[in-house]
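Note sheet for the following structure.
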Amino acid sequence: MKTKKLLMTTISISSILLLTACGGAASSEGAEENGITLELFSNKSENIKTLESVIAKFEAANPDVNIELQSPPEAETVLKTRLTKNDVPDIMSIGGNATFGELARAGVLVDVSDTNLLETVQPAYLDMSNRLVGTEIKGDFGIPYATNANGVIINQDKLDKLGLAIPTTYTEFIAALEIAREQGEVPILFTLKDAWTALPIWNGLGGNLAPENFAELKNAGDASFAEDYTEVATKIAELVKYGEGDMFGLGYDDGNKQFANGEGLFYIQGNWAIPEILKNNPDANINFMALPSSDDQTQNKLVSGIDVMLAVSESSEHKEEAMKFVEFMISEEIAGQYINEQKAFSAIQGVLQEDPTFTNIKVFFEDGNIDSFPDHFYPAGLGAENIIQAYLIDGEEDTFLKSMDSEWDKVVNR
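According to mature numbering (1 follows the signal peptide of the UniProt record, and there is no 0), the residues represented by the sequence shown are -21 to -1, 1 to 393, in order.
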């Protein structure tokens, strides 16, 4: 999932708690002329066609249930507004981030601990889900479904033309960037007009170079950006120097088109960009690697997180049918369809991504050598992407890191 939709606006816990206490109705109006209608709310525009296909299959097998898909622009902002109006979708397909944790803690989501829905979920992603909710709340309030990976998309034809191997250390990566520049190529394509596109770089570095439990330590007063993110801040600024042209005037959609058509050797993004690139050029010869953040290869993990979390509203009038749809979603057949069409990875055991584009990162999954997206644990409303973007335009490192600390403290203590 694009991270841009994961860090929108803080959801008011008090508003959600009030909502839950009121026990309001879900979007479904109950049994209708053509059966029960359930709303599926998704915060991903990229997966609309896949979800439409899945819904059609489910409805064919369950003719008494209608699923209405809602996937609006600025989805999390829309969801926040709906929550405050006591208008909760029956089923939610949302990112595994701080907002999910807030919803779970507020009692908005059904606890699925006593169901069989988690039996086939990979333990690493269940752990991520539990960390998002926190130790103060017992239960499981969502099913990790699809996962993503942060990394570097490679123009393989250009890499071969330059005679370069895939870099495995930070020093090798910088050396490749220097050679690309010397040969007249754009070393890295950046789309920093959209602030969120700084986050794949930030997460790729921070997931390896900063403490894994930074958010917990930060909230406990035992860590800070100023102390623990200096190397991350230095390296992200260094990498951005290898961009060319108006990289702060180029947006994500146009950047995908440019990379698809041969602009840039590397593109620091996530697997979610690959379907968009291939839409623009189905013949693009692309590859994918983990961002080599360190010169210690043992320290270079693949940054991977929960892209899609499936959850059911506690206030839904049709929980049984909603759970049935979720169970359908996590079946091997449908989970396999999802990751194949979305070029994603599955949190469901035994559902493997076999696309050769991801050959270089399979070993990370096989060895369990993964770390979660740091920003998924940042408090909702921090707006880290905007602070990072401002730093990359004309910022100073110490001021930037102190600003990250102060904004975090403001949001947490609000």
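In this text, a Cβ means the ideal position worked out from N, Cα and C, and glycines have one as well. These figures come from a predicted structure and were not determined experimentally.
The region 336 to 354 makes contact with the region 266 to 276; the number of CB pairs closer than 8 Å reaches 3 or more. For Gln237, no beta strand (DSSP E) encloses it; the enclosing alpha helix (DSSP H) starts and ends at 231 to 239.
Boundaries cannot be given for Val87, as no alpha helix (DSSP H) includes it and DSSP labels it neither H nor E. The alpha helix (DSSP H) runs of length 4 or more contained entirely in the region 298 to 371 are, from start to end of the chain, 298 to 308, 311 to 321, 338 to 346.
The C-alpha of Thr114 is placed about 19 Å away from the C-alpha of Asp350. Proximity of the region 370 to 385 to the region 323 to 341 falls short of the contact definition, fewer than three beta-carbon pairs being nearer than 8 Å. Within its own chain, the residues whose Cβ lies closer than 8 Å to the Cβ of Met107, once the five positions on either side in sequence are excluded, are Gly75, Pro123, Gly284, Ile285, Ser351, His355, listed in chain order. Looking at the backbone, the Cα of Asn129 and that of Asn250 are separated by about 7 Å. Residue environment: Pro102 is assigned as exposed (fewer than 16 neighbouring CB atoms within 10 Å of its CB, all protein chains considered).
With 16 or more other Cβ atoms inside 10 Å of its own Cβ, Ser294 counts as buried. Residue pairing by DSSP puts Tyr246 in a beta bridge opposite Ile132.
Residue state for Asp43 is assigned as coil, using DSSP reduced to three classes.
Contact check for Leu188 and Val211: beta-carbon distance about 5 Å, within the 8 Å limit, so the pair qualifies. Under DSSP, Val287 forms a beta bridge with Ala125.
For Glu55, the closest of Ile73, Asp69, Phe204, Asp377 by C-alpha to C-alpha distance is Ile73. Leu48 has Leu19 as its beta-bridge partners, per DSSP. Straight through space, the alpha carbons of Ala252 and Val33 are spaced by roughly 21 Å. DSSP lists no bridge partner for Met226.
Cβ contact annotation for Thr150 (same chain, cutoff 8 Å, sequence separation greater than five): Asp274, in chain order.
Leu218 sits in a helix when the DSSP states are folded into three classes.
Our two residues, Ala363 and Leu196, have alpha carbons roughly 18 Å apart in a direct line. Contact annotation: the region 125 to 145 touches the region 321 to 339, with at least three C-beta pairs closer than 8 Å. Between Gln321 and Pro254, the C-beta spacing is below 8 Å. Bridge pairing for Val100: Ile327 [DSSP].
For Asn319, the closest C-alpha among the options Pro166, Pro335, Phe307 is that of Pro335. Relative to the Cα of Ser292, the nearest Cα in the group Glu31, Ile27, Asp66, Lys36 belongs to Asp66.
In this structure, the CA atom of Tyr317 is about 14 Å from the CA atom of Ser24. Non-local C-beta neighbours of Gly243 in its own chain, meaning closer than 6 Å and more than five positions away in sequence, comprise Val165, Leu168, ordered along the chain. Looking at the backbone, the Cα of Val89 and that of Ala177 are separated by about 34 Å. Relative to Phe304, the option among Thr29, Gly228, Lys258, Asn41 whose CA is nearest is Asn41.
Distance from Met308 to Leu289 at the Cβ level is roughly 6 Å; contact confirmed, criterion being Cβ atoms closer than 8 Å.
Straight-line measurement puts the Cα of Ala85 at about 43 Å from the Cα of Gln237. Just measuring C-alpha positions, the residue of Gln135, Pro353, Val44 sitting nearest Ala194 is Pro353.
With distances taken between CA atoms, Gly183 lies nearest to Val282 out of Pro68, Ser382, Gly241, Val282. The alpha-carbon of Asp136 is positioned some 21 Å away from that of Thr170.
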